[in-house]
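>
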Ligand code: BES
Ligand code: MN
Ligand code: ZN
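See below:
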């Protein structure tokens with residue numbers, strides 16, 4: 073997809089050359105900012121009951137008289153915030169989806185001069201509405217003919233718009249990579265495959281990428297990670313990818329992503345209903361790799377390390393059993409009371425490994441708990457950290473990227489639930505506050521650096537008819553990383 077910008081005045085839209093003209097109207101007064109032809113078309117559509125100035129409303133006009141474009145779409149948006157504009161963009165492009173428009177020109181009426189955020193929201197909306205999964209379904213209908221989108225803006229906004237388009241483009245590419253990886257079924261997207269994809273990304277962007285095999289992982293003493301991996305015939309991988317945009321001496325940001333390519337629950341096996349969705353249990357891994365791609369594309373002046381422990385969680389003759397005690401890389405022992413709480417078991421060793429980078433901060437991302445879905449539903453990602461400054465920065469990135477997150481508690485009192493008579497800790501803390509006790513478990517491995525945890529169990533994918541990966545929280549993470557550039 074090609075995104076461009078073009079300096080154009082709203083009172084000359086009728087003469088813009090394109091296949092479709094998408095006009096987002098922010099409020100009823102937007103009409104006054106349009107040229108007479110478009111203002112008349114808009115007034116007509118309203119008069120005949122085909123359009124209202126209500127969020128989500130759209131109307132498609134085919135070959136309207138006096139307009140150069142073959143199609144005109146009006147899309148209503150309430151207040152011109154990036155969030156409501158993004159929804160209006162998505163609704164407008166939804167009208168054109170599957171159609172013959174190759175070149176869409178987009179204008180925003182009634183919003184004043186637009187900036188980087190609006191431009192970025194546009195690219196995000198187009199990316200989200202045009203993505204189609206086809207890897208194992210080549211017969212899936214194409215998203216349409218769309219090739220180029222031109223954002224019409226005033227001269228004063230040109231620089232901000234071009235920055236917004238570039239950032240939007242990079243984030244959208246990261247989101248698409250994350251969706252593509254996570255959508256692939258477990259028999260395609262194996263730990264080996266994720267390792268290969270990381271290597272490929274490294275080649276493409278000149279990044280240092282190491283993929284450790286079981287032997288190398290054993291050497292590191294990752295007894296907890298290996299315990300999860302031992303039940304599967306698929307060999308585990310430990311991926312470490314590095315982006316250098318600043319002096320080697322500068323402390324890097326480290327992102328750690330949970331890479332369970334399929335979670336059966338192990339011996340504590342899950343019920344059959346919706347178990348297929350556990351192919352998305354590598355959504356954290358997909359999102360940190362997607363973020364790496366976005367960052368590598370934008371080349372900010374900072375260092376970034378992405379770590380992915382990846383394996384399958386399977387039952388079997390070699391699988392871990394409830395009550396087994398394992399020794400983590402940190403030296404702390406863990407009683408595995410429930411083999412389905414495997415995410416924390418692979419993450420804890422990755423968090424210990426992260427110490428060697430002397431990180432500025434470490435953010436882990438994981439489809440960690442069903443309890444987080446119960447607490448927050450499918451809208452907000454759960455954010456856990458004891459570091460108020462880091463929480464504020466992550467929440468600011470969440471707001472700016474339109475990728476919602478909500479801070480959850482992480483008080484010491486919750487640690488009690490993890491006590492074990494047979495090891496330094498148990499791997500589960502009971503049903504109450506399950507997302508929090510999971511975060512408390514991880515916290516025991518993060519004493520040496522600033523740390524936050526994102527539980528994306530409710531936000532990494534959608535169920536039902538629209539089943540598929542969302543690519544979240546690539547926008548949040550990319551914004552956060554960019555905000556740390558010097
Ligand atoms: N991958 C799951 C978490 C999950 C479940 C995400 C459902 C999205 C939807 C994780 O490995 C898991 O099974 N967690 C258990 C933890 C429990 C045994 C303490 C859970 O949430 O049930
Ligand atoms: Mn599990
Ligand atoms: Zn899991």
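Numbering (the numbering used here), first residue to last: 73 to 558.
From the three backbone atoms N, C-alpha and C, an ideal C-beta is built for every residue, glycine too.
Would you kindly work out how many angstroms separate the C-alpha atoms of residue 205 and residue 247, rounded to a whole number?
So the alpha carbons of these two residues sit roughly 13 Å apart.
> Closer than 7 Å: is that where the CB of residue 414 sits relative to any heavy atom of the ligand ZN?
Checking the Cβ of residue 414 against the ligand ZN gives yes.
> Is it true that the segment 276 to 292 meets the segment 212 to 232, where meeting means three or more beta-carbon pairs spaced less than 8 Å apart?
Short answer: they don't touch.
> What do you get for residue 79, buried or exposed, if any count of 16 or more other CB atoms within 10 angstroms of its CB means buried?
That one is exposed.
> Could you check which residue in 368, 458, 383 has the C-alpha nearest to that of residue 377?
Checked all of 368, 458, 383; the closest Cα to residue 377 is 368.
> Residue 96 to residue 554, Cα distance in whole Å?
Going from the Cα of residue 96 to the Cα of residue 554 covers about 29 Å.
> Name the two residues that bound the continuous alpha helix (DSSP H) containing residue 255.
Run containing residue 255: 230 to 255, per the alpha helix (DSSP H) assignment.
> For residue 473 and residue 199, what's the separation of their Cα atoms in angstroms?
Those two C-alpha atoms are separated by around 14 Å.
> For the ligand NAD, any of its heavy atoms closer than 7 Å to the Cβ of residue 497?
The model depicted lacks the ligand NAD and carries the ligand BES, the ligand MN and the ligand ZN instead.
> Tell me, please, whether the segment 344 to 354 touches the segment 419 to 436 by the rule of three or more beta-carbon pairs shorter than 8 Å.
Contact between the segment 344 to 354 and the segment 419 to 436 is absent, because fewer than three Cβ pairs lie under 8 Å.
> Taking all protein chains shown into account, do 16 or more other C-beta atoms lie within 10 angstroms of the C-beta of residue 158, making it buried, or fewer, making it exposed?
Answer is buried; the Cβ neighbour count reaches 16.
> Against chain C, with Cβ distances strictly below 8 Å, would residue 311 count as a contact?
Among the protein chains of the structure shown there is no chain C, as only one such chain exists.
> Going by DSSP in three states, residue 294 sits in which element: helix, strand or coil?
Three-state DSSP puts residue 294 in coil, outside helix and strand.
> With 16 other CB atoms within 10 Å as the buried threshold, where does residue 352 fall?
Looking at its Cβ environment, which holds 16 or more other Cβ atoms inside 10 Å, residue 352 is buried.
> Hey, residue 356 and residue 249: beta-carbon distance below 8 Å or not?
Not in contact: residue 356 and residue 249 (Cβ atoms no closer than 8 Å).
> What is the DSSP secondary structure of residue 77, counted as helix, strand or coil?
Here residue 77 sits in strand by DSSP.
> From residue 501 to residue 417, what distance separates their C-alpha atoms?
Taking the straight line joining both Cα atoms gives about 14 Å.
> When every heavy atom of the ligand MN is checked, does at least one fall within less than 7 Å of the C-beta of residue 337?
Result yes, Cβ under 7 Å from the ligand MN.
> Quick one: give me the first and last residue of the beta strand (DSSP E) that residue 480 is part of.
Residue 480 -> beta strand (DSSP E) spans 477 to 480.
> Put residue 407 into one of helix, strand or coil per three-state DSSP.
Note: residue 407 maps to strand in three-state DSSP.
> Can you grab the Cα-Cα spacing for the pair residue 87 / residue 469, in whole Å?
When rounded, the distance between both Cα atoms is 39 Å.
> Per DSSP, which residues does residue 206 bridge with? Please list them.
None; residue 206 has no bridge partner.
> Would the C-beta of residue 439 count as close to the ligand ZN, meaning under 7 Å from any of its heavy atoms?
Indeed, a heavy atom of the ligand ZN lies less than 7 Å from the Cβ.
> Run through DSSP, which three-state label would residue 495 get?
Residue 495: coil per DSSP, three-state reduction.
> Pick out the complete beta strand (DSSP E) segments inside the segment 310 to 389, 3 residues or longer, and give them in chain order.
The qualifying runs are 325 to 329, 331 to 335, 375 to 385.
> With 16 other CB atoms within 10 Å as the buried threshold, where does residue 431 fall?
Buried, since its Cβ has 16 or more Cβ neighbours within 10 Å.
> Is residue 385 near the ligand MN, with its Cβ less than 7 Å from a heavy atom?
Yes, Cβ of residue 385 sits closer than 7 Å to a heavy atom of the ligand MN.
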